[in-house]
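Participant: Before we start, here is the structure in question, set down as structure tokens.
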Amino acid sequence: MENWTLGYGSLLTTLGVGGFLATGGQHKTALIPAGFGSAALGLGLLSRRVSSQRWVLGGAALVGLLGFLGAARGLRQLPALLRGEKLERPAAIISQSVMAGLSAAYTVLGVRGLLRA
Numbered sequence: 063m064e065n066w067t068l069g070y071g072s073l074l075t076t077l078g079v080g081g082f083l084a085t086g087g088q089h090k091t092a093l094i095p096a097g098f099g100s101a102a103l104g105l106g107l108l109s110r111r112v113s114s115q116r117w118v119l120g121g122a123a124l125v126g127l128l129g130f131l132g133a134a135r136g137l138r139q140l141p142a143l144l145r146g147e148k149l150e151r152p153a154a155i156i157s158q159s160v161m162a163g164l165s166a167a168y169t170v171l172g173v174r175g176l177l178r179a
């Protein structure tokens, strides 16, 4: 589970920094996925150092759930964007949708891992 957490954190950090750079550095909110990614990376690294990994990885699963809940609104606008409709801030819709998908998948893996442990 540690490696999934580190991978999830790395992907979100890359998504946040990439989104920030893609918008020309004008929208600081594009860095929100990087904040969640940094938290996941920190928890993934912490889980390697503590004896009770279950609590740390439970916290990481909570980060995934909060990431999904925070980004899920982008999923509502994604179909309209894919149909070619003109929407405000399409980069934000894409970033939120990717974050929601990654976070949902990670949360499912995290909960399954915790139930098995």
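Residue numbers (our numbering): 63 to 179. Glycine included, C-beta positions come from ideal geometry on N, C-alpha and C.
1. Can we count G97 as close to the ligand SAM, meaning its CB is less than 6 Å from some heavy atom?
2. Grouping DSSP H, G and I as helix and E and B as strand, with all else coil, what is T85?
3. In whole angstroms, what is the alpha-carbon distance linking M161 and R110?
4. Quick one: residues in its chain with C-beta nearer than 7 Å to the C-beta of A167, no 5 flanking neighbours on either side, listed in chain order?
5. For V112, is the classification buried or exposed, using 16 other Cβ atoms within 10 angstroms of its Cβ as the cut-off for buried?
6. If I measure Cβ to Cβ from L171 and keep anything under 7 Å in the same chain, skipping five residues before and after, which residues do I get?
7. Quick one: is S114 buried, meaning 16 or more other Cβ sit within 10 Å of its Cβ, or exposed?
8. From L108 to M63, what distance separates their C-alpha atoms?
9. Would you report the Cα separation of V79 and A96, rounded to the nearest angstrom?
10. Going by DSSP in three states, M63 sits in which element: helix, strand or coil?
11. Would you say A102 and A123 are within 7 Å of each other, going by their C-beta atoms?
12. If you draw a straight line from the C-alpha of S100 to the C-alpha of T75, how long is it?
Facilitator: In brief:
1. This structure does not include the ligand SAM; it has no bound ligands of any sort.
2. coil
3. Those two C-alpha atoms are separated by around 25 Å.
4. none
5. exposed
6. W66
7. Taking all protein chains in view, the Cβ of S114 is surrounded by fewer than 16 other Cβ atoms within 10 Å, so the residue is classified as exposed.
8. 12 Å
9. 6 Å
10. coil
11. no
12. 6 Å
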